[in-house]
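This report refers to the structure that appears directly beneath it.
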Amino acid sequence: MKRPRVYITRMIPKEGIDLLEESCLVDINPEDRPLSREELIDAVRDRDGLVCLLTDRIDSQVMDAAPGIRGFANFAVGFDNIDLKEATKRGIPVSNTPDVLTSATAEMAWALLFAAARRVIESDRIMRSGAWKGWGPLQFIGGDVTGKTLGIVGAGRIGTAMAVKSKGFHMPVLYTNESPNPTLEEILGARKVTFEELLKESDFVSIHVPLLPSTHHLFDRSAFMRMKRTAYLINTSRGPVVHEAELVAALKEGLIAGAGLDVYEFEPKMAEGLASLDNVVCTAHTASATKSSRSGMSVKAARNLLAMLRGERAPDCINPEVYTK
Ligand code: DGY
């Protein structure tokens, strides 16, 4: 039997590649960079399956170039890079990589929270520069964490994991979500509140919603105005949920105390002015970058694609409607 032809748009951890190579002909982008639009369209031609990344825009043009494609396995839990409606219309299954990155992403949200509140990067910078003149009572005074209110915007898997880790810090937890989250309510006594109330009451606001038309620029100037002047914003979800230029203004004007960002509106760029602010901590979209998380993503993407290629339902299919057509 002919081996299915699979393309991987950038090198991923070996575990998933090994799985795919057992039964498929696998080609991988040889460069350690995202494919250009033209390269992506070219690479997908005559393929049976694609492992793609959040940096690849998978739209009707890409689908047109791959009429024989039997599935797109996204190497990410977020899938705003894929035109899901179009894939579903064409009967192409699409999968993502949930669960394996939940803890890693929640841990990163905490890393950013602490780094921003306790001014870790500023302090590190002065140590390295040699400019520190010794201990001082007024130096690097930051925000308290213990006992402060944590606001979780979007209490799905990652938002829940972030919230649960607050237990040792005795933080009242507020959350917004479409439906109530019994885990959070039982374990933490968390309260489901309106977005308005969450903004008004939280000392730390951590974003965990997917990027959708309804969440695009959810955090804009008007949201910052409604937050506490002492509050911190943490974003490990998707950059465009935050209006980044308006965040820069809010941080400059002191509408909020600080921010911790792992994602950006126009990656890999940051909004003008962000890099020169001391009250923001920036990481390079690395929330899922742990060994087990990235190898788990690799294995998941491979297992999903293999199922799609066999014509079976992929375990993490995000458009299961394709199977009922
Ligand atoms: C995801 O999976 O959506 C993250 O943003 C990248 O790991």
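Positions in the sequence shown are counted from 1; adding 29 to them yields our numbering. Glycine included, each C-beta is placed from N, C-alpha and C at the ideal position. Predicted model, so just to flag it, every value in this text is computed and none were measured.
At least one CB of chain B closer than 7 Å to the CB of residue i: is that the case?
i, result
"K329", "Included in the structure is just one protein chain, with no chain B present."
Could you please give me the residues that DSSP links to residue i through a beta bridge?
i, result
"I57", "I37"
"K162", "Note: K162 sits in no beta bridge, so no partner."
"D104", "First, the residue type needs correcting, since residue 104 is Phe and not Asp in the sequence shown. DSSP lists no partner for F104."
"R258", "BP columns for R258 are empty, so no partner."
"V328", "Beta-bridge pairing links V328 to no other residue."
Relative to the C-alpha of residue i, which residue among the options is closest?
i, options, result
"T134", "L276, E294, L290", "L290"
"L28", "G172, G107, F108", "Nothing about residue 28 can be reported from this structure: the residues present for the chain run from 30 to 354 only."
"E301", "K281, T312, A318, D71", "K281"
"E50", "E230, V277, K118, L334", "L334"
"Y261", "I285, M191, Y204", "I285"
"G287", "P269, F104, R99, R147", "R147"
"R76", "A105, V55, S235", "V55"
"E68", "V328, A343, T38, I216", "T38"
"N356", "D47, H245, V80", "Past the boundaries of the shown model lies residue 356; the chain is included only from 30 to 354, so the question cannot be answered."
"V174", "K194, I98, A105", "K194"
"I87", "I347, E225, D109", "D109"
For residue i, name the three-state secondary structure that DSSP assigns.
i, result
"T134", "helix"
"F143", "helix"
"S382", "It is not possible to answer for residue 382, since the shown part of the chain is limited to 30 through 354."
"Y293", "coil"
"I98", "coil"
"S305", "helix"
"A316", "coil"
Quick one: give me the first and last residue of the beta strand (DSSP E) that residue i is part of.
i, result
"S356", "What is shown of the chain runs 30 to 354, which leaves residue 356 out entirely."
"T205", "202-205"
Tell me whether residue i is buried or exposed, calling it buried when 16 or more other Cβ atoms sit within 10 Å of its Cβ.
i, result
"Y204", "buried"
"T259", "exposed"
"S322", "buried"
"M200", "buried"
"L241", "exposed"
"I170", "exposed"
"Y293", "buried"
"M92", "buried"
"Y356", "Coverage of the chain is limited to positions 30 through 354, which leaves residue 356 absent and any answer about it impossible."
"E273", "buried"
I need the boundaries of the alpha helix (DSSP H) containing residue i, first residue and last residue.
i, result
"I181", "Premise fails: I181 lies in the beta strand (DSSP E), 179-182, not in any alpha helix (DSSP H)."
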